[in-house]
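*Asks:* Shown below is the structure under consideration.
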Amino acid sequence: MGILVLPSVTTNLYNSSNSYTHSKAKINNDQNIRRDTDIISLLQQNRKNLKHVESIHGRAIKKGTEQDSFVVFELVRIYCKLKSIDHATKLFHSTHNPNVYLYTSLIDGFVSFGSYSAAIGLYGQMGHNNVLPDSYVVTSVLKACVLQPALRCGREVHGQVLKSGLGLDRSVALKLIELYGKCDEVEDARKVFDKIPERDVVARTVMMASYFDHGMVEEAIEVFNGLKTQDTVCWTAMIDGLVRNGELNRGLEMFREMQVKGVEPNEVTFVCVLSACSQLGALELSRWIHMYMHKCNVKFNQIVVGALINMYSRCGDIDEAQLLFDDMKVKDVSSYNSMICGLALHGMSTEAIELFREMLKQGISPNSITFVGVLNACSHGGLVELGFEIFQSMETLHGIKPHIEHHGCMVDILGRVGRLEEAYNFIERMGAQHVDDKMLCALLSSCKIHRNSEVGEQVAKRLSECSKMDSGSYIMLSNFYASLGRWNFAAEFREKMEKGGILKEPGCSSIEVNNVIHEFLSGDLKHHERRSIYQKLEELNYLTKLEGYSPATEVALHDIDDKQKELALAVHSERLAISYGLISTEPHTTLRVVKNLRICDDCHAMIKLIAKITSRKIVVRDRNRFHHFENGHCSCKDYW
DNA sequence: TAGCGAATAC
Numbered sequence: 001m002g003i004l005v006l007p008s009v010t011t012n013l014y015n016s017s018n019s020y021t022h023s024k025a026k027i028n029n030d031q032n033i034r035r036d037t038d039i040i041s042l043l044q045q046n047r048k049n050l051k052h053v054e055s056i057h058g059r060a061i062k063k064g065t066e067q068d069s070f071v072v073f074e075l076v077r078i079y080c081k082l083k084s085i086d087h088a089t090k091l092f093h094s095t096h097n098p099n100v101y102l103y104t105s106l107i108d109g110f111v112s113f114g115s116y117s118a119a120i121g122l123y124g125q126m127g128h129n130n131v132l133p134d135s136y137v138v139t140s141v142l143k144a145c146v147l148q149p150a151l152r153c154g155r156e157v158h159g160q161v162l163k164s165g166l167g168l169d170r171s172v173a174l175k176l177i178e179l180y181g182k183c184d185e186v187e188d189a190r191k192v193f194d195k196i197p198e199r200d201v202v203a204r205t206v207m208m209a210s211y212f213d214h215g216m217v218e219e220a221i222e223v224f225n226g227l228k229t230q231d232t233v234c235w236t237a238m239i240d241g242l243v244r245n246g247e248l249n250r251g252l253e254m255f256r257e258m259q260v261k262g263v264e265p266n267e268v269t270f271v272c273v274l275s276a277c278s279q280l281g282a283l284e285l286s287r288w289i290h291m292y293m294h295k296c297n298v299k300f301n302q303i304v305v306g307a308l309i310n311m312y313s314r315c316g317d318i319d320e321a322q323l324l325f326d327d328m329k330v331k332d333v334s335s336y337n338s339m340i341c342g343l344a345l346h347g348m349s350t351e352a353i354e355l356f357r358e359m360l361k362q363g364i365s366p367n368s369i370t371f372v373g374v375l376n377a378c379s380h381g382g383l384v385e386l387g388f389e390i391f392q393s394m395e396t397l398h399g400i401k402p403h404i405e406h407h408g409c410m411v412d413i414l415g416r417v418g419r420l421e422e423a424y425n426f427i428e429r430m431g432a433q434h435v436d437d438k439m440l441c442a443l444l445s446s447c448k449i450h451r452n453s454e455v456g457e458q459v460a461k462r463l464s465e466c467s468k469m470d471s472g473s474y475i476m477l478s479n480f481y482a483s484l485g486r487w488n489f490a491a492e493f494r495e496k497m498e499k500g501g502i503l504k505e506p507g508c509s510s511i512e513v514n515n516v517i518h519e520f521l522s523g524d525l526k527h528h529e530r531r532s533i534y535q536k537l538e539e540l541n542y543l544t545k546l547e548g549y550s551p552a553t554e555v556a557l558h559d560i561d562d563k564q565k566e567l568a569l570a571v572h573s574e575r576l577a578i579s580y581g582l583i584s585t586e587p588h589t590t591l592r593v594v595k596n597l598r599i600c601d602d603c604h605a606m607i608k609l610i611a612k613i614t615s616r617k618i619v620v621r622d623r624n625r626f627h628h629f630e631n632g633h634c635s636c637k638d639y640w
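Mind the numbering: the first sequence is residues 1 to 640 in the UniProt record's numbering, read in order.
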């Protein structure tokens, strides 16, 4: 039995006129003859005020026109728009024989209210009541299927539309592409796309987004290139897709190309571009984009400013982020989240927690992202007890069930300060669904830092049993066993990784000098100034050793002798980037380096000394957080 | 004589 009951339909949906001629369907047009135009125009004038609408509704009842299908239609729509879904539902159910327009309006209402199952249920009920569907109502129910997501229902609707001999309406087709895309059925999405007679810019944008969602970058580009002219939305979808797939520079190139073609970017475009900038950590470029936004008369709404705050904090300029935040007239939970997460990223734990408290004072309810930021702040600041207090308050005070990320934060909080048994017990107490490889990896890293092999081995065992191990997990396991001197285990995980065809993500650091981003891999020899870079590095090695630096050779993993290990450490990508920064910028200029992986202990110790010797501020963003090095110290206070 | 389209941050 199907989930949905629909009458067979003989009209052609593609032409979209609903002829109401089918013999089995009840024809509910009798009330349609009357139309209370006075009430309708009154409703339209007062549609923003619930009280007024209610009183006009009362007037219609007095006049006896409350069953006029046009009046009911208008009322249901307005009630839904005013978020009064109860009014709308009640009215709908008191209406005799609601027609397809009325069903559509309430289904839409349920969708905008987030009640997707209710929307799908109502559509099924429409079938039971033999009301003929049309392309509008099908589009509406498919919207619910997309958002739920409900693949089976969506397929059933698709099947029924096809079986009924209808041509495929274009809006229906667009929603089907979206549905299949969202439900990992990209091939089906493509089949629907290929059936659309006119594959215009909108259809292509939907298809592109589906491809991008599944990492099919080249396929998306092909769809994009199939268009003669692309509009702002299509370009934006392109930039967004590239950025989401980690193709940051390509995304920025597209942004430039868009300008060359004379297509104007809008707020959404900039939000995508800012995301690329923030991931790259390119501060100069970001500042330029920010200025350019003013030139383009961008509306600085909350999402845009949130993106700017995020961009400045991720590019290392937390002060600018703070200024933007302070200037915001209206701050919502997302604005606070951006700022709290930014402060946490910079290890400004006290400030992050203060801001969280201020937010509560302002009566703004925190959401699950707020707690990720706040707990991260606790972790970076070594604030164990406060972390626990806040973690517990999530459910008791704010009614938010902790997710896996929050549990991860707690494990981190305990791990960083060396309370490893407690961290492990915390994991043990959680259900398996709350434990993931990331969490175990982080704890194993803490075990390694605190040299606790006992807990470490238990964690390592659990991690190696994890089904979703990525290159980071293998490397972590290998590093852990190497740090214990158990080379055979270390080698075993390396081998497993190679055999599984899993590639190690190479360490990569970048630094922006004169608006150009210079990237360095570990031991990189490709840079045109490599000679001077390595010369500087040698000098730094010598000077830092005089200051007491001694290479922590156990962090280098391979089973090689100490001299070789020292060499492997000496050319870590962040050191190359810093050396290049030192030779290519004026004295006292702050150096900002972005690294894709976590910084190692050895580089951390050495950079502290480099900052001291050269009297430079050095800001390093690693995968986890910011490190501000100055005069021999790091802002992370060696917790990271 | 009524109602559908694509891209947004933490």
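Every residue gets a Cβ at the ideal spot worked out from N, C-alpha and C, and that includes glycine.
#1: Let's test the definition: count the other Cβ atoms within 10 Å of the Cβ of Gln322 and tell me whether it reaches 16, buried, or not, exposed.
#2: Terminal residues of the continuous beta strand (DSSP E) containing Val268?
#3: Please report the straight-line C-alpha distance between His290 and His627, rounded to a whole angstrom.
#4: Between Leu540 and Leu285, what straight-line distance do the alpha-carbon atoms span, to the nearest angstrom?
#5: Pull up the CB-CB distance for Leu91 and Val72, whole angstroms please, since I reckon it's below 8 Å.
#6: Would you tell me roughly how many angstroms separate the C-alpha atoms of Ser171 and Ser135, rounded to the nearest one?
#7: Under 8 Å Cβ to Cβ from Asn18, same chain only, skipping five residues before and after it: list those, please.
#8: Under a three-way DSSP split, which group does Val513 fall into?
#9: Rounding to the nearest angstrom, what Cα-Cα distance links Leu242 and Leu75 in this structure?
#10: What are the residues that DSSP puts in a beta bridge with Leu521?
#11: Which residue spans inside the stretch 412-488 form an unbroken beta strand (DSSP E) run of at least 3?
#12: Who are the Cβ neighbours of Met476 in its own chain at under 7 Å, not counting the five residues just before and after it?
#13: Name the residue from Asp213, Gly215, Asp169 whose alpha carbon lies nearest to the alpha carbon of Ile196.
#14: From the DSSP output, in three-state form, read off residue 642 for me.
#15: Please classify Trp288: is it buried, with 16 or more other beta-carbons within 10 angstroms of its beta-carbon, or exposed?
#16: Grab me the residues of Tyr211's own chain with a C-beta within less than 6 Å of its C-beta, minus the 5 sequence neighbours each way, in chain order.
#17: Measure the alpha-carbon distance for Thr229 versus Leu252 and round it to whole angstroms.
#18: Tell me whether the stretch 408-420 and the stretch 446-461 touch, counting them as touching only if at least three CB pairs, one residue from each stretch, are closer than 8 Å.
#19: Val620 to Glu428, Cα distance in whole Å?
#20: Can you tell me the Cα-Cα spacing of Lys461 and Tyr474, whole angstroms?
#21: When you compare the stretch 420-436 with the stretch 389-396, are there three or more beta-carbon pairs, one atom per stretch, that lie closer than 8 Å?
#22: Does Glu421 pass the burial test, meaning 16 or more other C-beta atoms within 10 Å, or should it be called exposed?
#23: Would you say Ile533 and Leu567 are within 7 Å of each other, going by their C-beta atoms?
#24: Could you tell me which residues DSSP puts in a beta bridge with His627?
#25: Please state if the CB of Ser509 and the CB of Val571 are separated by a distance shorter than 7 Å.
#26: Taking the Cβ atom as the reference point for each residue, do Tyr116 and Leu151 lie within a distance shorter than 7 Å?
#27: When the Cα atoms are used, what is the spatial distance from Gly281 to Glu185?
#28: Determine, using beta carbons only, whether Glu505 and Ser483 come nearer to each other than 7 Å.
#29: Along the alpha helix (DSSP H) that carries Lys143, what are the first and last residues, could you check?
#30: Between the alpha carbons of Leu42 and Phe70, how many angstroms are there, rounded?
#31: Could you check how far apart the C-beta atoms of Lys612 and Gly632 are, in whole angstroms? I think they sit under 8 Å.
#32: Quick check on the DSSP output: what are the complete alpha helix (DSSP H) runs of length 4 or more inside the stretch 290-355, in order along the chain?
#33: Should Pro366 be labelled buried (16 or more other beta-carbon atoms within 10 Å of its own) or exposed?
#34: Please report the straight-line C-alpha distance between Val374 and Val330, rounded to a whole angstrom.
#35: Kindly indicate the opening and closing residues of the alpha helix (DSSP H) around Leu386.
#36: Is the Cβ-Cβ distance between Cys634 and Lys608 less than 7 Å?
*Replies:* Let me spell this out:
#1: Buried: at least 16 other Cβ atoms inside 10 Å.
#2: For Val268, there is no enclosing beta strand (DSSP E); the residue is part of the alpha helix (DSSP H) that begins and ends at 267-280.
#3: When rounded, the distance between both Cα atoms is 25 Å.
#4: If I take the Cα positions, the gap works out to 29 Å.
#5: The Cβ separation is near 6 Å, so the contact holds.
#6: Ser171 and Ser135 have their C-alpha atoms spaced approximately 8 Å apart.
#7: Confidence is the limiting factor: at Asn18 the pLDDT is only 38, short of 50, which leaves the residue's position unreliable and the question unanswerable from this model.
#8: Here DSSP, grouped into helix, strand and coil, assigns Val513 to strand.
#9: Near 43 Å, if we compare the C-alpha coordinates of Leu75 and Leu242.
#10: Cys508, per the DSSP bridge assignment.
#11: Runs of the beta strand (DSSP E) inside the stretch 412-488: none found.
#12: Cys441, Leu444, Ser445.
#13: Nearest of Asp213, Gly215, Asp169 to Ile196, Cα basis: Asp169.
#14: The chain is shown from 1 up to 640; residue 642 falls before or after that span and cannot be answered.
#15: Exposed: under 16 other Cβ atoms inside 10 Å.
#16: Listed in chain order, the non-local C-beta contacts of Tyr211 below 6 Å within the same chain comprise Glu219, Ala220, local neighbours out to five positions each way being set aside.
#17: Roughly 19 Å between the two C-alpha positions.
#18: Judged by Cβ distances under 8 Å, the stretch 408-420 makes contact with the stretch 446-461, as three or more pairs qualify.
#19: Roughly 34 Å separates the two Cα atoms.
#20: About 12 Å.
#21: Contact between the stretch 420-436 and the stretch 389-396 is absent, because fewer than three Cβ pairs lie under 8 Å.
#22: Exposed, because fewer than 16 other Cβ atoms sit within 10 Å of the Cβ of Glu421.
#23: No, these two residues do not count as a Cβ contact at 7 Å.
#24: Per DSSP, Val620.
#25: No, they are not a contact pair.
#26: No, the Cβ-Cβ distance between Tyr116 and Leu151 is not below 7 Å.
#27: For Gly281 and Glu185, the distance between alpha carbons rounds to 35 Å.
#28: No, the pair does not count as a contact, with Cβ atoms beyond the cut-off.
#29: Segment 135-147, the alpha helix (DSSP H) holding Lys143.
#30: Each residue's alpha carbon lies about 13 Å from the other.
#31: The Cβ separation is near 4 Å, so the contact holds.
#32: Complete alpha helix (DSSP H) runs here, min 4: 302-314, 318-327, 333-345.
#33: Classification for Pro366: buried.
#34: Approximately 21 Å, taken between the alpha carbons.
#35: Per DSSP, the unbroken alpha helix (DSSP H) holding Leu386 starts and ends at 384-396.
#36: Yes, these two residues count as a Cβ contact at 7 Å.
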